[in-house]
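Structure first, commentary second.
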Amino acid sequence: MHPEQAQITDVQLLHAVARGDEPALAQLYDRYRVILFGLLARILNSREEAEDVLQEVFLQVWRRAADFDENRGRPFTWLVTLARSRAIDRLRSLASRDRTAVAGAQEELEQVSDPASDAFRSEQRRLVANALAQLPDDQKRALMLAYFDGLTQSEIAARLGAPLGTVKTRMRSGMMKLKELLANKSESFGF
Amino acid sequence: MGHEDYKEMLSAHALAALDREAELALNQHLSDCADCREELDRWNETAAALALAADPVEPSPQLREQILRRIKTEAQDARPDEISTSGSRVVSSQVIPFRRPTKTVWLPIGSLGAIAATLVFAALLVSLIMLWQQNRTAKIEVAELRNQVQSAQDELARQRKVLELLATPGVKMLELSGTNMAPGANAKLAYDKTGHAMLMAKGLPLAPAGKAYQLWYIVGDKPMPGKVFKTDGAGNGMLQDQMPAVALNSANFAITMEPEGGTQSPTGAIYLHSGS
Numbered sequence: 018m019h020p021e022q023a024q025i026t027d028v029q030l031l032h033a034v035a036r037g038d039e040p041a042l043a044q045l046y047d048r049y050r051v052i053l054f055g056l057l058a059r060i061l062n063s064r065e066e067a068e069d070v071l072q073e074v075f076l077q078v079w080r081r082a083a084d085f086d087e088n089r090g091r092p093f094t095w096l097v098t099l100a101r102s103r104a105i106d107r108l109r110s111l112a113s114r115d116r117t118a119v120a121g122a123q124e125e126l127e128q129v130s131d132p133a134s135d136a137f138r139s140e141q142r143r144l145v146a147n148a149l150a151q152l153p154d155d156q157k158r159a160l161m162l163a164y165f166d167g168l169t170q171s172e173i174a175a176r177l178g179a180p181l182g183t184v185k186t187r188m189r190s191g192m193m194k195l196k197e198l199l200a201n202k203s204e205s206f207g208f
Numbered sequence: 288m289g290h291e292d293y294k295e296m297l298s299a300h301a302l303a304a305l306d307r308e309a310e311l312a313l314n315q316h317l318s319d320c321a322d323c324r325e326e327l328d329r330w331n332e333t334a335a336a337l338a339l340a341a342d343p344v345e346p347s348p349q350l351r352e353q354i355l356r357r358i359k360t361e362a363q364d365a366r367p368d369e370i371s372t373s374g375s376r377v378v379s380s381q382v383i384p385f386r387r388p389t390k391t392v393w394l395p396i397g398s399l400g401a402i403a404a405t406l407v408f409a410a411l412l413v414s415l416i417m418l419w420q421q422n423r424t425a426k427i428e429v430a431e432l433r434n435q436v437q438s439a440q441d442e443l444a445r446q447r448k449v450l451e452l453l454a455t456p457g458v459k460m461l462e463l464s465g466t467n468m469a470p471g472a473n474a475k476l477a478y479d480k481t482g483h484a485m486l487m488a489k490g491l492p493l494a495p496a497g498k499a500y501q502l503w504y505i506v507g508d509k510p511m512p513g514k515v516f517k518t519d520g521a522g523n524g525m526l527q528d529q530m531p532a533v534a535l536n537s538a539n540f541a542i543t544m545e546p547e548g549g550t551q552s553p554t555g556a557i558y559l560h561s562g563s
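Below is the structure:
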């Protein structure tokens, strides 16, 4: 990343996009494509679907950048939430159609981004990985099933053969612990 | 559900993991509770960190261009009621952050398709019946019109003949008046030097079946037969005839009702006559 670009914050980029600044969107894309595409690919398990949704996501960013309010959260959160939401929607519509195409695509996604360009993120990834490792297994599992498989609490309960109340507790506890563990490192989480 | 119950649902909501009814209930609560909205924002930050648990992956290089091309034709949404006075920052209000509040409901495609197909078929059937009825009506109307046109054409032809005759130099015209048999009847007779004659009668009663009106040329006291004619429903009749030469200078004419084949001598009552 060029030094002068790094000086423009994500907040400023989003504001610029809201004003119709196309290069600003391009820059935002360059900064976030790897994170967002990785997330989409993990959820959808298909390169084709993930690329489709990535386009939708950035179109949505273009359309609704004015919705972003920096008082309420970070650009990273806004973008990731938007991306995940669209991915879950797509996943659920796919699930009602054809499961086989989704399952077979795992091999395509081994390509990993250039670590040098991702250095800015790898610290954060390490922190998250560490935090998750510290969660009890059943709590971590509940969070992962919800986040990456798009399952609801009832669906998770059915999947695990556990009572709904238990799943609710695990999910709540897992989120509280994750929050605690990440709160200590909140400065390095500022994107 | 109490406020505490809602608070406990917030972290699951940040994961979009609430079941449908719970989600709806919470969204309802969130629209009224700023505290919970703020807390939800914080939970969203935590949930977003999980995105980093996914491995980074590069999308295809051409995607960048595709996206940049597509945004050129896309409009951006402004939310007019939320533009702050400073103009550069937009503050979004209590909208649940960036998530669709309800899950998509999918009907089985089969039932939707069947319903739609039935409706379409029913609509087509109705249209078809209506068209058929309209067609029948139209056919009747066309037949009616054709009759009217024919009558009009006939009438025109007659009138043209009359005009032609009347335009001939040396044409004579006289009137026949109705008898007791037809007090309101009236006729005009026009004929030229060659004996080419035309009779136009009005106000004659409709002749019964098998009967017709006959024109007589009265020469001396001897009636000579002319042609027969029938009237239309309005009592009007027209006749073209060739007068016998001997009658050209006679002045009397009469119309009687005779058998429709005509007779050599008058047998029926007189309806119209010239003279007194």
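Protein chains in written order, with the working numbering: chain A, 18 to 208; chain B, 288 to 563.
C-beta: ideal position from N, C-alpha, C; glycine also.
If you're wondering where the values come from, they're calculated on a predicted model, not measured in any experiment.
Counted within 10 angstroms of its Cβ, other Cβ atoms place residue i as buried (16 or more) or exposed
| i | result |
| --- | --- |
| Ala334 of chain B | buried |
| Asp508 of chain B | exposed |
| Thr26 of chain A | exposed |
| Gly374 of chain B | Note on Gly374 of chain B: pLDDT 37, under 50, position unreliable in the model; the coordinate value appears next. Answer is exposed; the Cβ neighbour count stays below 16. |
| Asn434 of chain B | exposed |
| Glu310 of chain B | buried |
| Val34 of chain A | buried |
| Met296 of chain B | buried |
| Arg143 of chain A | exposed |
| Leu42 of chain A | buried |
| Ala444 of chain B | exposed |
| Gln77 of chain A | buried |
| Gly121 of chain A | Low confidence applies to Gly121 of chain A: its pLDDT is 42, below 50, so where it sits in the model is not reliable, and the reading given next is rough at best. Gly121 of chain A comes out exposed. |
| Pro470 of chain B | exposed |
| Arg423 of chain B | exposed |
Distance between beta carbons of residue j and residue i, contact taken as under 8 Å
| i | j | result |
| --- | --- | --- |
| Ser171 of chain A | Leu181 of chain A | 6 Å |
| Leu30 of chain A | Ala104 of chain A | Not really, about 22 Å apart at Cβ, beyond 8 Å. |
| Leu450 of chain B | Val458 of chain B | With a Cβ gap of about 11 Å, Leu450 of chain B and Val458 of chain B do not count as contacting. |
| Lys498 of chain B | Glu547 of chain B | 6 Å |
| Ser102 of chain A | Ala303 of chain B | 7 Å |
| Pro512 of chain B | Gly549 of chain B | 6 Å |
| Pro343 of chain B | Leu71 of chain A | Pro343 of chain B to Leu71 of chain A, Cβ: 13 Å. No contact. |
| Ala532 of chain B | Met544 of chain B | The Cβ separation is near 27 Å, so there is no contact. |
| Met188 of chain A | Ala159 of chain A | 5 Å |
Bridge partner(s) assigned by DSSP for residue i
| i | result |
| --- | --- |
| Met511 of chain B | B:Tyr504 |
| Gln529 of chain B | B:His483 |
| Pro546 of chain B | B:Lys498 |
| Leu461 of chain B | B:Leu476 |
| Leu493 of chain B | Bridge partners of Leu493 of chain B: none, in fact. |
| Gly524 of chain B | B:Ala488 |
| His560 of chain B | B:Ser464, B:Ala541 |
| Phe516 of chain B | B:Tyr500 |
Of the residues the options, the one placed nearest residue i, counting alpha carbons only
| i | options | result |
| --- | --- | --- |
| Lys475 of chain B | B:Leu411, B:Ile542, B:Pro492, B:Ala439 | B:Ile542 |
| Val506 of chain B | B:Ser561, B:Ala496, B:Pro470 | B:Ser561 |
| Asp106 of chain A | A:Arg143, A:Phe93, A:Glu66 | A:Glu66 |
| Tyr500 of chain B | B:Val533, B:Arg307, B:Leu526, B:Asp319 | B:Leu526 |
| Thr360 of chain B | A:Glu39, A:Tyr46, A:Arg142 | A:Glu39 |
| Asp154 of chain A | A:Arg142, A:Ala175, A:Gly167, A:Met192 | A:Met192 |
| His300 of chain B | A:Glu197, A:Lys185, A:Lys194 | A:Lys185 |
| Glu578 of chain B | A:Arg187, A:Phe93, A:Thr169, A:Asp166 | Only positions 288 to 563 of chain B appear in this structure, which leaves residue 578 of chain B out of reach. |
| Arg89 of chain A | B:Thr466, B:Gly520, B:Arg324 | B:Arg324 |
| Asn536 of chain B | B:Gln349, B:Met460, B:Asp319 | B:Met460 |
| Ala488 of chain B | B:Gly524, B:Met468, B:Ala469 | B:Gly524 |
| Gln353 of chain B | A:Ala83, A:Val145, A:Arg158, A:Glu68 | A:Glu68 |
| Tyr46 of chain A | B:Asn314, B:Gln349, B:Val413, B:Leu502 | B:Gln349 |
| Asp322 of chain B | B:Glu308, B:Glu291, B:Met530 | B:Glu291 |
| Ala472 of chain B | B:Ala521, B:Glu431, B:Ile402 | B:Ala521 |
For residue j and residue i, the rounded distance between their alpha carbons
| i | j | result |
| --- | --- | --- |
| Gln440 of chain B | Ala409 of chain B | 46 Å |
| Ser298 of chain B | Arg80 of chain A | 28 Å |
| Gly289 of chain B | Ala200 of chain A | 28 Å |
| Lys426 of chain B | Ala496 of chain B | 31 Å |
| Asp306 of chain B | Arg176 of chain A | 15 Å |
| Asp479 of chain B | Val429 of chain B | 41 Å |
| Arg50 of chain A | Gly37 of chain A | 20 Å |
| Leu406 of chain B | Arg109 of chain A | 29 Å |
| Thr518 of chain B | Leu493 of chain B | 6 Å |
| Ser379 of chain B | Leu53 of chain A | Residue placement at Ser379 of chain B is poorly supported in this model, since its pLDDT is 39, which falls under 50; the coordinates still yield a value, given next. Between Ser379 of chain B and Leu53 of chain A, the C-alpha separation is close to 24 Å. |
| Leu149 of chain A | Ala404 of chain B | 52 Å |
| Ile173 of chain A | His316 of chain B | 25 Å |
| Arg91 of chain A | Val97 of chain A | 10 Å |
| Thr455 of chain B | Leu418 of chain B | 54 Å |
| Lys194 of chain A | Glu73 of chain A | 33 Å |
| Ser414 of chain B | Gln420 of chain B | 10 Å |
| Pro553 of chain B | Trp503 of chain B | 8 Å |
| Asn467 of chain B | Leu559 of chain B | 9 Å |
| Asn62 of chain A | Leu198 of chain A | 29 Å |
| Ala477 of chain B | Gly465 of chain B | 17 Å |
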